[in-house]
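A.B. asks:
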Amino acid sequence: MPMEEKDRATDSYPAESYVRTPVVPPSYETFCFLDLPNSDSVQKISARIWPEQGNSIFCETVGKYSSSATNLASKIMKVILATLNLDLETFYRSDFENCKAHLRINGHSSDGKSIGEEALFSHTDRGCLTILLGDEKEGLEIRSKEGKWFSVKTVSDTLVVNVGDSLKVMPNYGRYRSSHHRVVCKGWTDQMSIALFYEFPNDKKIWTPAELVDEEINPRRYKSFTFSDFTHEIRHNMEVKDKLTALERFAGI
19 MPMEEKDRAT DSYPAESYVR TPVVPPSYET FCFLDLPNSD SVQKISARIW PEQGNSIFCE
79 TVGKYSSSAT NLASKIMKVI LATLNLDLET FYRSDFENCK AHLRINGHSS DGKSIGEEAL
139 FSHTDRGCLT ILLGDEKEGL EIRSKEGKWF SVKTVSDTLV VNVGDSLKVM PNYGRYRSSH
199 HRVVCKGWTD QMSIALFYEF PNDKKIWTPA ELVDEEINPR RYKSFTFSDF THEIRHNMEV
259 KDKLTALERF AGI
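Going by the working numbering, the first residue of the sequence shown is number 19, and it counts up by one from there.
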C-alpha cells in the first residue's frame, strides 16, 4: 500500500488509526482497529484511506477474521476456566462474556543486516489473551521465567496465543504467566503479523476469585483493580523499561 494512502489513516487518537515509527530501520507500522467485531472501526479507517470509493473487500476480510479470532479467544477462555476448576457458567458470564477485541495489522521493516536487533521492544500485553497470526518469517521470541530468550518457530497457517497481564491475576499463584515477548530481526527486510487483543471492558473489576485463594498456602497476591486504571498506569505513569513489572507495581500485595 502506498505511504500516501496509509498516512490518510493517521489520527490524533493513535489507538484507532495508522501509526508508524521513524523510517530508520528497523521500523514498525501498524493499523489499529478497536472494539471488533461489533464496531465500525474498520469502515472508518477504510473511508480515510480510500475516501472516494472505500474498500468493501478490505472491510469484509478484516471483519470476518476479527470475528473468528474473537470466537476462538472466547473458547480458549472457557478452557482456561475449566483448568482452574471454576464454574464455567458463573465466571465466564460475569468476567469474560463482555470482553472486547482490538486488532492490529503489523509490519516490521529492516535493512536485512540488523540481525539480532529488536524490531519491537520486549514487553507483556495488558489484556487477557493475544492471538497472533504471523507470516513465515521468524522473529518472535519468548522469554522464559529463567530469563532466556527462545525463538518461536513459524509454522504455516498456525496461531500463537499469549497470556496477558490481566489474566495472570485470576489464578493468583502463577499457573498462567503473562508472556514476555519481543520481535527480533532475523535477516529479513519485512515481516507482517495480525494480532487480536482480547481484553476486559474498561470498567471491569479484575480480581482473584476466593475459590483460588488460601490465606495459609496461597495467599492473595493482587489487589482488585479496574482495567481502565491499569491501562492508565501503563500509558501515563511508567517508563518503557518499567512496563514489564507494571502489574506487580500497580496491584501487587
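Yeah, the Cβ is synthetic: ideal placement off N, Cα and C, and Gly gets one too. Source: prediction; values computed, not measured.
Within the continuous beta strand (DSSP E) that includes R200, where are the two ends?
C.D. replies: Working through the sequence shown from its first residue, we reach residue 200 at position 182. Residues 199–202.
A.B. asks: Give every residue of the same chain whose Cβ lies closer than 8 Å to the Cβ of T28, excluding the five residues on either side of it in the sequence, and list them in chain order.
C.D. replies: Translated into the one-based positions of the sequence shown, residue 28 becomes position 10. Answer for T28: S35, Y36, V37, listed in chain order.
A.B. asks: Would you mind giving the Cβ-Cβ distance between E180 and L230, rounded to the nearest angstrom? I have them listed as a contact below 8 Å.
C.D. replies: Translated into the one-based positions of the sequence shown, residue 180 becomes position 162. Translated into the one-based positions of the sequence shown, residue 230 becomes position 212. The identity of residue 180 in the sequence shown is Asn, whereas the question assumes Glu. The pair is not a contact, with the Cβ atoms about 21 Å apart (cut-off 8 Å).
A.B. asks: Tell me, which residues are paired with R122 by DSSP?
C.D. replies: For the purposes of this step, residue 122 is taken as the residue at position 104 of the sequence shown. Looking at the DSSP assignment, R122 forms a beta bridge with C50, A213.
A.B. asks: Assuming Y36 is part of the beta strand (DSSP E), what are its boundary residues?
C.D. replies: To locate residue 36, count along the sequence shown from 1; it is residue 18. Here the beta strand (DSSP E) through Y36 covers 36–38.
A.B. asks: Grouping DSSP H, G and I as helix and E and B as strand, with all else coil, what is R66?
C.D. replies: For this step, residue 66 is matched to residue 48 along the sequence shown. Helix.
A.B. asks: With distances taken from CA atoms, which of S112, V97, S86, D25 is nearest P69?
C.D. replies: Within the sequence shown, residue 69 is the residue found at index 51, counting from 1. It is D25 whose Cα lies nearest to the Cα of P69.
A.B. asks: Where does E135 fall in DSSP's three states?
C.D. replies: Counting from 1 along the sequence shown, the entry for residue 135 is found at position 117. Reduced to three states, the DSSP call for E135 is coil.
A.B. asks: Find the nearest neighbour of S92 within the set T148, D221, T249, judged by alpha-carbon distance.
C.D. replies: Taking the first residue of the sequence shown as 1, we reach residue 92 at position 74. Among T148, D221, T249, the Cα nearest to that of S92 is on T148.
A.B. asks: Looking at the unbroken beta strand (DSSP E) that takes in L150, where does it start and where does it end?
C.D. replies: Position 132 of the sequence shown, counted from the start, is the residue given in the question as residue 150. Per DSSP, L150 belongs to the beta strand (DSSP E) from 147–152.
A.B. asks: By the three-class DSSP mapping on this structure, what secondary structure does I75 have?
C.D. replies: Along the sequence shown, read from residue 1 onward, the residue named residue 75 stands at position 57. Helix at I75.
A.B. asks: Count the C-beta pairs between the segment 165–174 and the segment 74–93 that are closer than 8 Å, then say yes if the count reaches three, no if not.
C.D. replies: The answer is no - the segment 74–93 does not touch the segment 165–174, with fewer than three Cβ pairs under 8 Å.
A.B. asks: Could you check the C-alpha separation between S112 and S184 for me, to the nearest Å?
C.D. replies: One-based indexing of the sequence shown puts residue 112 at position 94. One-based indexing of the sequence shown puts residue 184 at position 166. Taking the straight line from one Cα to the other gives about 15 Å.
A.B. asks: Which residue comes first and which comes last in the beta strand (DSSP E) that contains L158?
C.D. replies: Translated into the one-based positions of the sequence shown, residue 158 becomes position 140. 158–161 is the span of the beta strand (DSSP E), which, as asked, contains L158.
A.B. asks: Buried or exposed: D143, going by 16 or more other Cβ atoms within 10 Å of its Cβ?
C.D. replies: Residue mapping note: residue 143 aligns to position 125 of the sequence shown, counting from 1. Per the 10 Å Cβ criterion, buried.
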